[in-house]
Amino acid sequence: MFAFIIRRLLQSVLVMLTVALIAFALFRFVGDPINNLVGQDTTLQDRQKLRETLGLNDSVVVQYWRYVVNTAKGDFGYSYMHRRPVKTMLLERMPATLELSIISILLALFIGVPMGVYTSLRRDGFLAKIFMSISLIGISLPTFLIGIMLILLFGVILRWLPTFGRGEVVALGTWTTGLLTVSGLKALIMPAITLALFQMTLIMRLVRSEMLEVLRTDYIKFARARGLSNRAVNFGHALKNTLVPVITITGLQLGSVIAFAIITESVFQWPGMGRMFIEAVADVDIPVMAAYLCLIALFFVVINLIVDLLYYAVDPRLRVDGGGSGGHG
Amino acid sequence: MQWKATAIAGALAAATLMAAPTAGAKEFSWAFQGNLQSLDPHGLFETFTIGFHGNLYEPLIGYDDKMNVVPMLAESFTQTDANTWRAKLRAGVKFHSGNDLTTDDFIFSWKRALTEGSDMKVPARKIKEIKKIDDLTFDIITSNPNPILPRSLLILYVMDKEWSVAHKTEAATNLKGGEEGNFANLNANGTGPFMVTEHAAGVKTVLKRFDGYWRNIASNVTKATFTPISQDATRVAALLSGELDMVYPVPVQDWQRLTDAPGVQPLAGPEARTIFLGFDQVRDELLYSDVKGKNPFKDVRVREAFAHAINVEAIKKKVMRDASFPTGLMVAPQIGGFVPEMNTHWAYDTDKAKKLLAAAGYPNGFSLTMDCPNDRYVNDEKICQAAAAMLARVGVKVKVLAQTKSKYFGKVLSQNNYDTSFYLLGWTPGTMDAHQAIEPLMACRTKEKGRGLFNLGGYCNERIYALAPMIESETDQAKRAAMIREVFKIHQDEVGHIPLHQQPLSWGVSDRVTVNQRPDNVLDLRYVVVK
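Chains as they are written, first to last, in our numbering: chain E, 1 to 329; chain Y, 1001 to 1531.
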């Protein structure tokens, strides 16, 4: 087990090195940062000097290598635009993104799984059909549009919720949270729903199809024959056996929720890392882009690792010690 | 981005809006599309940034609400001989820290503006030396006679020496980093009417009225909150929902929505920025054209044909929602040196354009690629497409390559060796004086002299090149105006560029506040009044 984790961590270093390499190879297609960094009256000599100081005249390989070496030393560089250490900026912005992503994925799980179970058990029910139709909307509408529509309805027309920002935040050490203030919670509602909608429908449809699959199997029939309650059969046996794919998908989705919170964050002007990244792309702020991409790669690797470990917990067949599944849940 | 706006417009049309709620008294909140990148007054020479800093810091002489140059920290500022300016500081001016403003503070700020990280080196270098007379009086010595020195120093804000030394921010915030977050990058201490109480970079900045401000101002704002909102749709929604009192820019497509909604109004006016087209006139063969072996733009007839083929009135009507100001000059009416009677665009005449092209040897026209930004100026990409469609009518097939500003500028500017054949660019002279358009845009490109840095097409006329430095140092206003007029005349006759229009300023303002719209798109909080 320990060796497994170590191996995974080593692999993650490789993944991040590769991500950084690809990133640096792509950066020259994003544009040239110099014009964003100086005013129009700045002389040619000053511009060239700045290029030289920032190392923009070096080849991609040299820039990449310098970045890897500095990162290994824990130095993520300075943001061109904000003139601050990228590390500080990421740490400042991370709480906003993580809070939003985790709330969204929880929302998706706690609504998606019950809906999935319900629609699989009452396949022809009226409510189930409504759920299925809603899920179609969730899966097909672009996030941007959902966000704008919500802003329009609840922000502009009804004026119940703030249209942008994170509200008042409370600082707990280096972490800032919006979960402890009314304005913070209100500000969280629309972005969280926007971000959760797609995941929710995905989880619901996944649970539904897995459940339908499992409910047909022999052991469920036997369980019913044994006279177990519906509840024990549906949730103890059927649902539990659908969980492996659900965990995989949810885990991977958490990674993409964090990574693709970008769109939601820009629609709601949410002060997270994603928005910082999108602004960095527009301004060709190379140190910020590079650090963000590596960090997201790290998130994916860690989440995958956790997912793998969770398999052990839910699927007895994978346990090395073969501890067996006790009882009927 | 058009679809976003239309998607909302549809839904909004069906909606009835409530009146804006009255927020706490005398609070003002506003949003701009970009971030406030730094609080360091010497960090970045960019209009929004220095405009914002103007609420916190002040120069010797500054702008009033109409952009007239008026004394600020200097009570008087007069030229005593060709190379000397005598400045007398106002007595009793205090910094937010409580320290008094003295000559040493100005000298310190000037030196700081010359440090490596500073982007204010250009104006600071205009000063050769400063001689301290007493605590409030000093002489500024320039190397050459410089009649527009006061204008150059408009953006040289004065910092508090004691405060800067105490917080180890004697040098301007350096892009390269090094020192762990320069103090002045995140904190401010000026003489301005507002002081920073909270600055979460890229998230929001909260300002408080400075009680010790040295003069009375129109504003009654006690607390002002700035938020950057990059998405157009979100920014407009935040205004409509009553959360913000003012947002800018507002897409011109959204003006009708703002007019229809109760409680908010669009506020439009001419910006001092001129949008123009330029041609590569240097290379012997265009980089992006089917004409081989020669450069059609070296022939003035081709340039003139282009000028006659472009219908600026149609661009105004169709693309700019009737809000642009068609022009024939490279500078706007607000710029010193503007010549009103020369401000007419070439007549729209496709027959004449065709004849000129035929005379130049292109009876069937030719094809070329046009470089265009798509997120820098008001409707920039649409202007390029409209121009391409108009040129198609005279046989010139133009392919528009519209890109985001970082890619566009990365391609067409000096660092990439002016890689363009035909382009669209916009310009506001930083000093609001014609010289700052003539030297960078119209003078021949010379690396050593640093002229023509933004003359992307390399338009070159010896006479203009000779006039540019003379205009800079001529102190006789009448002679100077005559020289500027001569430059404009030559440039117009030779069709050095094709000026299109001044673009509109486009702000959205709640009825509960009144603001002053400065032609350089700066919001000066001194003139914001909350009802």
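Beta carbons are placed, not taken as given, at the ideal position from N, Cα and C, and that holds for glycine.
Treat the numbers as computed from the prediction; the structure is a model and nothing was measured.
{"query": "Residues in the stretch 72 to 88 of chain E having any Cβ partner in chain Y nearer than 8 Å", "result": "Gly77, Tyr78, Tyr80, Met81, His82, Arg83, Arg84, Pro85 and Thr88"}
{"query": "Exposure of Gly1024(Y), with buried meaning 16 or more beta-carbon neighbours within 10 Å", "result": "Here Gly1024(Y) scores only 48 on pLDDT, less than 50, and its place in the model should not be relied on; the value that follows carries that caveat. Flag for Gly1024(Y) reads exposed."}
{"query": "Pairwise C-alpha distance: Leu9(E) and Val302(E)", "result": "8 Å"}
{"query": "Inter-residue spacing [alpha-carbon to alpha-carbon] between Val69(E) and Asp75(E)", "result": "9 Å"}
{"query": "Cβ-based burial, Phe4(E) [other Cβ within 10 Å; buried from 16]", "result": "exposed"}
{"query": "Selected residue, minimal CA-CA separation from Ser183(E), among Glu168(E), Pro142(E), Glu52(E) and Lys240(E)", "result": "Glu168(E)"}
{"query": "Of the listed residues Arg1445(Y), Arg1480(Y), Ala1437(Y) and Asp1380(Y), nearest to Gln1503(Y) (C-alpha basis)", "result": "Asp1380(Y)"}
{"query": "Val38(E) and Leu54(E) closer than 8 Å at C-beta", "result": "no"}
{"query": "Beta-carbon proximity list for Lys1382(Y), same chain, < 6 Å, skipping 5 on both sides", "result": "Val1319"}
{"query": "Per-residue DSSP class, three states only, for Cys1384(Y)", "result": "helix"}
{"query": "For Thr1137(Y), the residue or residues it bridges with in DSSP", "result": "Lys1088(Y)"}
{"query": "Beta-bridge partners of Lys1399(Y), as assigned by DSSP", "result": "Thr1369(Y)"}
{"query": "Residues near Leu1391(Y) in its chain [Cβ-Cβ closer than 6 Å; skip 5 each side]", "result": "Ala1309 and Val1398"}
{"query": "9 Å Cβ cut-off: residues of chain E touching Ser1097(Y)", "result": "Those within 9 Å of Ser1097(Y) in chain E number zero; the least Cβ separation is about 22 Å."}
{"query": "Sub-8 Å separation of Ser1237(Y) and Gly155(E) beta-carbons", "result": "At residue 1237(Y) the sequence reads Ala, which differs from the Ser that was named. Yes. Within cutoff."}
{"query": "Rounded Cβ spacing between Ala261(E) and Ala23(E) (contact assumed at less than 8 Å)", "result": "The Cβ separation is near 19 Å, so there is no contact."}
{"query": "Top-ranked residue by Cα proximity to Arg1303(Y), from Thr1344(Y), Lys1354(Y) and Asp1105(Y)", "result": "Lys1354(Y)"}
{"query": "First and last residue of the uninterrupted alpha helix (DSSP H) at Tyr1288(Y)", "result": "Taken as a continuous stretch (DSSP letters only), Tyr1288(Y) belongs to no alpha helix (DSSP H), as it is neither H nor E."}
{"query": "Exposed unless 16 or more other CB atoms sit within 10 angstroms - verdict on Leu1553(Y)", "result": "In this structure chain Y extends from 1001 to 1531, so residue 1553(Y) is not present and cannot be described."}
{"query": "Cutoff 8 Å: Asn36(E) Cβ touching any chain Y Cβ", "result": "yes"}
{"query": "At least 3 beta-carbon pairs within less than 8 Å: the stretch 1114 to 1129 of chain Y vs the stretch 1155 to 1166 of chain Y", "result": "yes"}
{"query": "Residues that Asp1119(Y) contacts on chain E, provided the C-beta gap is smaller than 7 Å", "result": "Val38, Gly39 and Thr42"}
{"query": "Pairwise C-alpha distance: Asn36(E) and Glu1198(Y)", "result": "25 Å"}
{"query": "Lys1316(Y) at chain E interface by Cβ criterion, 8 Å", "result": "no"}
{"query": "Cutoff 8 Å: Thr163(E) Cβ touching any chain Y Cβ", "result": "yes"}
{"query": "Below-8 Å beta-carbon distance, Met276(E) vs any chain Y residue", "result": "yes"}
{"query": "Limits of the alpha helix (DSSP H) - the one that Tyr1377(Y) falls within", "result": "No alpha helix (DSSP H) holds Tyr1377(Y); DSSP gives it neither H nor E."}
{"query": "Beta bridge counterpart(s) of Thr1047(Y) as assigned by DSSP", "result": "BP columns for Thr1047(Y) are empty, so no partner."}
{"query": "Three-state secondary structure (DSSP) of Ser1506(Y)", "result": "strand"}
{"query": "Nearest neighbour of Arg1512(Y), chosen from Pro1519(Y), Val1529(Y) and Val1522(Y) [CA to CA]", "result": "Val1529(Y)"}
{"query": "Start-to-end residues for the alpha helix (DSSP H) that takes in Asp1081(Y)", "result": "Taken as a continuous stretch (DSSP letters only), Asp1081(Y) belongs to no alpha helix (DSSP H), being part of the beta strand (DSSP E) at Ala1074 to Asp1081."}
{"query": "Buried or exposed by the 16-neighbour rule on C-beta atoms within 10 Å, applied to Gln269(E)", "result": "buried"}
{"query": "Short CB-CB distance (under 8 Å) between Pro33(E) and chain Y", "result": "yes"}
{"query": "Asp308(E) versus Ile130(E) - alpha carbon distance", "result": "35 Å"}
{"query": "Rounded C-alpha distance that separates Val288(E) from Pro1150(Y)", "result": "38 Å"}
{"query": "Cβ contact check for the stretch 1283 to 1296 of chain Y and the stretch 1337 to 1345 of chain Y: 3 or more pairs under 8 Å", "result": "no"}
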